[in-house]
Amino acid sequence: MYNRIILIGRLTRDPELRYVPSGAPVASFTLAVDRPFRDQQGNRETDFIDIVAWRKLAEQVSQYMSKGRMVAVEGRLQIRSYETQDGQKRKVAEVVADGVRFLDRGRPSTAEAAPAPTSATSAPAAEDAAPGGGDEEDVPF
Numbered sequence: 007m008y009n010r011i012i013l014i015g016r017l018t019r020d021p022e023l024r025y026v027p028s029g030a031p032v033a034s035f036t037l038a039v040d041r042p043f044r045d046q047q048g049n050r051e052t053d054f055i056d057i058v059a060w061r062k063l064a065e066q067v068s069q070y071m072s073k074g075r076m077v078a079v080e081g082r083l084q085i086r087s088y089e090t091q092d093g094q095k096r097k098v099a100e101v102v103a104d105g106v107r108f109l110d111r112g113r114p115s116t117a118e119a120a121p122a123p124t125s126a127t128s129a130p131a132a133e134d135a136a137p138g139g140g141d142e143e144d145v146p147f
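Position 132 (the sequence shown) corresponds to 138 in the working numbering; numbering is contiguous.
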């Protein structure tokens, strides 16, 4: 079986960096990806896809990426189940990134002391690779 996704789009918001109880960093953001076809009015529809990055990649993403940046994300699709505080069961589809490539030059800011890398990759350890692969207490949301 093969589960591989490659997406190109723009960040809809700055990445949010958090740390799970085990101490592993996790960053989440949403990517706006235009569909390749147009509707009857000539407009393109856009999909908004949730992305999760772990460990070193999470730290790099949160440091160098920002809203509006064009990026390519490579990873795998994950369907995660969870229960809300009021007991309702929910499912969410997200892409667990193992590589991110910057496709635009970005907007320079005074906060960037070093030049942004052209790509970042990281293969997380199996126990921290994704919420479904580790302890349920490590789920960042």
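Positions of the beta carbon are idealized from the N, C-alpha and C atoms, including for glycine. No experiment lies behind these values; they were computed from the predicted model shown.
Only residues of its own chain outside the window of five on either side were considered, and among them ARG86 have a CB closer than 6 Å to the CB of VAL98, listed in chain order. C-alpha of LEU17 to C-alpha of ALA103: approximately 14 Å in a straight line. Between ARG61 and PHE108, the C-beta spacing is not below 8 Å. Around the CB of PHE35, 16 or more other CB atoms lie within 10 Å, so the residue is classed as buried.
Rounded to the nearest angstrom, the gap between the Cα atoms of GLY29 and GLN69 is 18 Å.
Between ARG10 and ARG82, the CB-CB gap stays under 8 Å.
Secondary-structure assignment with DSSP links GLU80 through a beta bridge to ILE12, GLY105. Excluding sequence positions up to five before and after SER72, its CB lies within less than 6 Å of the CB of ASP20, all in the same chain and listed in chain order. Between ASP53 and PRO42, the alpha-carbon positions lie close to 11 Å from each other. In the three-state scheme derived from DSSP, where H, G and I count as helix and E and B as strand, ALA30 is classed as coil.
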